[in-house]
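Residue numbers (the working numbering): 57 to 473.
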C-alpha cells in the first residue's frame with residue numbers, strides 16, 4: 057500500500073516536470089518567432105513568406121500608382137502638351153448718364169437699373185451657346201481648337217461636332233471675370249497660336265458690341281412702343297366719347313342744350329319785362345278811367361297771355377317735356393353735361409398721351425448705352441499654358457498623397473482582421 061502511494065506521487069511529479077518543460081519550450085518558440093518578425097529583411101535571409109508579399113505589394117503599388125503616373129504626366133507635359141497663348145481684353149457697359157424728367161417715362165426707361173442688367177446679360181452671354189455659335193460661324197472654332205489634337209489629344213479638342221462639346225471646350229479655353237464695383241468684364245482667350253487667340257478675343261469684343269447695340273435698340277423701341285399704346289388707347293376713348301355726344305345731339309335734335317335753355321331763360325326774362333310794363337300801364341289806366349273801359353279789357357287780356365306764356369316756359373324748363381323731343385329739359389341738360397365731362401377728360405388724356413409720345417421719342421433718341429473697351433485685345437508673345445512646372449509638382453504630390461492614404465487604409469483593414 058505504501059509502494060502504491062509512492063508510485064502515484066512519483067508519477068505526478070514527473071507529469072508536473074513535463075508540463076513545465078513543455079510550457080518553457082512553447083515560450084521559447086514564441087520568443088524566437090517574435091524576434092524573427094522584428095528583424096529586417098536580409099538578402100538570402102529567411103523571412104516569412106507573408107512578410108515578403110506585403111512589402112512587395114507596397115513597393116509595387118508605389119511604382120504603379122505614383123512613380124509611373126508621375127513620370128507619364130511629366131513626360132506628357134514636356135513632350136506632347138501643346139503651348140497655349142492668351143489674349144486679354146477688358147470692357148464695360150456705359151451710357152450717357154442723362155437724367156429723365158419725373159413721370160411715367162422714368163418707369164419706362166430706368167437707365168441706371170438697365171446698366172447693371174446689361175452687364176450681367178453680357179457676362180452670361182460670353183459663356184453662352186449663342187456666343188459660341190456666332191464666333192464659330194465667323195472663325196471656325198473647331199478648326200482652331202483641333203490644330204494640335206493629333207499631338208496633344210488630352211488638351212486639344214476632339215473629333216466631336218456636337219455644339220454641346222464645343223461649348224464645354226469653349227468654357228475651358230475662355231476665362232471671363234467680372235468686377236461688380238467697377239462693372240468691368242475681363243476676358244482671357246486661349247488658343248494654340250498667338251494669332252488665333254487674338255482673333256477669338258476680337259470676335260468676343262465685336263459680338264459684345266453687337267449685343268449691347270441690340271439691347272439699346274430694343275430699349276428705344278420699347279419706350280416708344282409703350283407710349284404709342286397709351287396714345288392709341290386715349291384716342292379710342294376720345295373717339296368713343298365724341299361718338300356718344302354726337303348720338304345724343306342727333307337723338308335730342310339739339311346742338312347745344314345749354315344754349316337752348318339759356319335762350320328760354322332769355323325769353324322768360326323778356327316776357328317778364330313785358331308783363332311788368334303791362335301791369336304799370338293797367339295801373340295808370342285804372343287811376344284815370346272806369347272799369348268798363350275797353351283799354352282795360354285789352355290790357356288785361358295782354359297780361360294774361362304773357363303770364364300764361366311765362367308759366368308754360370317755366371314748366372317746360374323745370375319739369376315738363378321738350379315739345380320737339382318729348383324729353384325732360386333738365387334730364388337733357390344733365391346727360392349733356394355728363395357727356396361733356398367725359399369728352400373733356402378724354403381730350404386731356406389724349407393730349408397727355410400725345411405729349412408722352414413726344415417725350416418718349418426724344419428720350420429714346422438719347423438712350424446711348426455702348427461698350428467701352430478699356431483694354432484692346434492683345435497679341436500674346438509667349439505661351440502661358442499649360443503651366444508645366446506647377447503641374448509637374450502638383451500632380452505627383454496629389455498622387456503621392458493618394459498612395460499614402462491607400463496604403464494606410466490597407467494596413468488598417470489588415471490590423472482589424
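Note that the Cβ used here is the ideal one computed from N, Cα and C, for glycine as well.
Practice problem: Could you have a look at residue 184 and say whether DSSP puts it in helix, strand or coil? | Solution: Residue 184: coil per DSSP, three-state reduction.
Quiz item: If we call anything under 9 Å between Cβ atoms a contact, is residue 264 one with residue 427?
Solution: yes
Exercise. Look at residue 369 and residue 284 and say whether their C-beta atoms are less than 9 Å apart.
Key: No, they are not a contact pair.
Quiz item: Do you know offhand how far residue 147's Cα is from residue 430's?
Solution: 5 Å
Practice problem: Tell me residue 335's beta-bridge partners as DSSP assigns them. | Solution: DSSP lists no partner for residue 335.
Quiz item: If we count the other Cβ atoms within 10 Å of its Cβ and call it buried at 16 or more, is residue 364 buried or exposed?
Solution: exposed
Quiz item: Three-state secondary structure (DSSP) at residue 164?
Solution: Confidence at residue 164 is low in this model, with a pLDDT of 41, below 50, so the placement of that residue is unreliable and no value is reported for it.
Quiz item: How would you write the range of the beta strand (DSSP E) that residue 248 sits in, first residue to last?
Solution: Here residue 248 belongs to no beta strand (DSSP E), and DSSP marks it neither H nor E.
Quiz prompt | Beta-ladder partner(s) of residue 189, from DSSP | solution = Beta-bridge annotation (DSSP): residue 189 is not paired with any residue.
Quiz item: So who's on the other strand from residue 140, going by DSSP bridges?
Solution: 441
Quiz item: Do the segment 391-402 and the segment 214-225 meet, that is, are 3 or more Cβ pairs less than 8 Å apart?
Solution: no
Quiz item: Which residues in the same chain have their Cβ closer than 6 Å to the Cβ of residue 184, if we skip the five residues on either side of it in sequence?
Solution: none
Quiz item: With respect to the alpha helix (DSSP H) encompassing residue 482, which residues constitute its N-terminal and C-terminal limits?
Solution: No answer is possible for residue 482: the residues shown for the chain start at 57 and end at 473.
Quiz item: Got a sec, what are the start and stop residues for the beta strand (DSSP E) residue 427 sits in?
Solution: 426-431
Quiz item: Between the beta-carbon of residue 255 and the beta-carbon of residue 200, is there less than 9 Å?
Solution: yes
Quiz item: How do the segment 126-140 and the segment 444-453 stand: do at least 3 beta-carbon pairs fall below 8 Å, yes or no?
Solution: yes
Self-check item: Endpoints, alpha helix (DSSP H) assigned at residue 130
Solution: 124-135
Quiz item: For residue 348, does the three-state DSSP call read helix, strand or coil?
Solution: coil
Quiz item: What are the residues that DSSP puts in a beta bridge with residue 148?
Solution: 240 and 428
Practice problem: Could you tell me whether the Cβ atoms of residue 287 and residue 420 are closer together than 9 Å? | Solution: no
Self-check item: Between the CA atoms of residue 439 and residue 204 - distance to the nearest angstrom
Solution: Spanning the two alpha carbons is a distance of roughly 14 Å.
Quiz prompt | Contacts around residue 104, its chain only, beta-carbon distance under 6 Å, and the 5 residues preceding and following it disregarded | solution = Summary for residue 104: the model assigns pLDDT 48, below 50, so the residue's position carries little reliability; its value from the coordinates is reported in the next sentence. Within the same chain, residue 104 has no close Cβ partners at all.
Quiz item: Should residue 276 be labelled buried (16 or more other beta-carbon atoms within 10 Å of its own) or exposed?
Solution: buried
Quiz item: Taking the continuous alpha helix (DSSP H) assigned at residue 423, which residues delimit it?
Solution: Element bounds for residue 423: n/a, residue is neither H nor E.
Practice problem: Look up residue 175 in the DSSP assignment and say whether it is helix, strand or coil. | Solution: helix
Quiz item: DSSP state of residue 81, grouped into three classes?
Solution: helix
Exercise. Return the chain-ordered list of same chain residues with a C-beta closer than 8 Å to the C-beta of residue 345, the five sequence neighbours on each side being excluded.
Key: 351 and 352
Quiz item: Relative to the alpha-carbon of residue 236, which residue among 362, 149 and 248 has its alpha-carbon at the smallest distance?
Solution: 149
Quiz item: For residue 452, which of 197, 291 and 125 has the nearest alpha-carbon?
Solution: 125
Quiz item: Taking residue 443 as the reference, which of 137, 465 and 415 has the closest Cα?
Solution: 137
Exercise. Write down the C-beta distance between residue 180 and residue 261 rounded to the nearest angstrom, noting that I regard them as a contact closer than 8 Å.
Key: Residue 180 to residue 261, Cβ: 16 Å. No contact.
Quiz item: For residue 458, which three-state DSSP category applies?
Solution: helix
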